[in-house]
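Step one of this worksheet: look at the structure below.
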Amino acid sequence: MSSLEERARSARERAYAPYSGFLVGAALETDDGRVFDGCNVENAAYSVTCCAERVALFTAVAAGARRFRRLVVSAGDRTPFPCGACRQALAEFAPALPITVVTVEGDRHELELGELLPRPFTFRPEAPA
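The working numbering runs 543 ahead of the 1-based position in the sequence shown.
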């Protein structure tokens with residue numbers, strides 16, 4: 544298990560998911576080697592719930608990061624593919640981001656963000672279509 548996977552699993556343990564019970568952790572590595580963790584945080588008003596991937600991304604951006612090397616997402620017994628909102632948020636910064644999704648049972652999938660979101664919304668004409 545890579546150190547990034549360890550960070551994602553550790554972040555998963557800090558998730559706050561009293562409604563769904565679906566605990567998710569994420570670890571996002573920047574181009575300069577920094578790692579930012581995130582966990583999902585649910586709320587009774589579900590629309591303000593935030594996924595682990597976006598928590599990690601927004602924390603990284605708040606710290607000044609803009610370029611990302613890879614993302615690991617960890618969940619329990621269900622494969623934690625990023626949701627549509629997370630895919631779009633990540634595509635703003637790294638449309639070809641390598642993503643590894645793992646479960647506690649050891650199931651793993653490795654893919655690129657572009658496979659999950661081949662045509663992200665963008666205002667920038669130079670952005671990948």
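All C-beta atoms, glycine included, are put in the ideal place defined by N, C-alpha and C.
Per-residue DSSP class, three states only, for residue i
{"i": "Ala570", "result": "strand"}
{"i": "Arg550", "result": "helix"}
{"i": "Glu658", "result": "helix"}
{"i": "Arg555", "result": "helix"}
Contact set for residue i: own chain, Cβ-Cβ below 7 Å, skip 5 residues either direction
{"i": "Arg657", "result": "First, the residue type needs correcting, since residue 657 is Gly and not Arg in the sequence shown. These residues qualify, in order along the chain: Pro638, Ala639."}
{"i": "Glu549", "result": "none"}
Residues near residue i by beta carbon distance below 8 Å, same chain, minus five either side
{"i": "Val604", "result": "Phe636"}
{"i": "Ala554", "result": "Gly568, Ala569, Ala570, Asp580, Gly581, Cys582, Ala595, Ala599, Ser617"}
Sheet register partners of residue i (DSSP bridge)
{"i": "Tyr562", "result": "Note: Tyr562 sits in no beta bridge, so no partner."}
Beta-carbon proximity list for residue i, same chain, < 6 Å, skipping 5 on both sides
{"i": "Pro613", "result": "According to the sequence provided, residue 613 is Arg. The question's Pro does not apply to it. If we look at Arg613 and ignore the five residues flanking it on each side, its Cβ neighbours are Glu572, Pro641."}
{"i": "Tyr562", "result": "Glu585"}
Heavy atom of the ligand COA within 7 Å of residue i beta-carbon
{"i": "Ala632", "result": "Absent from the structure shown: the ligand COA. Ligands present: none."}
- Query: Counting Cβ pairs closer than 8 Å, one from the stretch 658 to 666 and one from the stretch 564 to 581, do we hit at least three?
  - Reply: Three or more Cβ pairs closer than 8 Å define a contact, and the stretch 658 to 666 falls short of that threshold against the stretch 564 to 581.
- Message: If we require 3 or more residues per run, which beta strand (DSSP E) segments fall completely within the stretch 572 to 656?
- Response: The qualifying runs are 578 to 582, 611 to 618, 641 to 646, 651 to 655.
- If we count Cβ pairs, one from each stretch, closer than 8 Å, do we get three or more for the stretch 580 to 592 versus the stretch 633 to 646? A contact is defined here as three or more CB-CB pairs under 8 Å, and the stretch 580 to 592 fails this definition with respect to the stretch 633 to 646.
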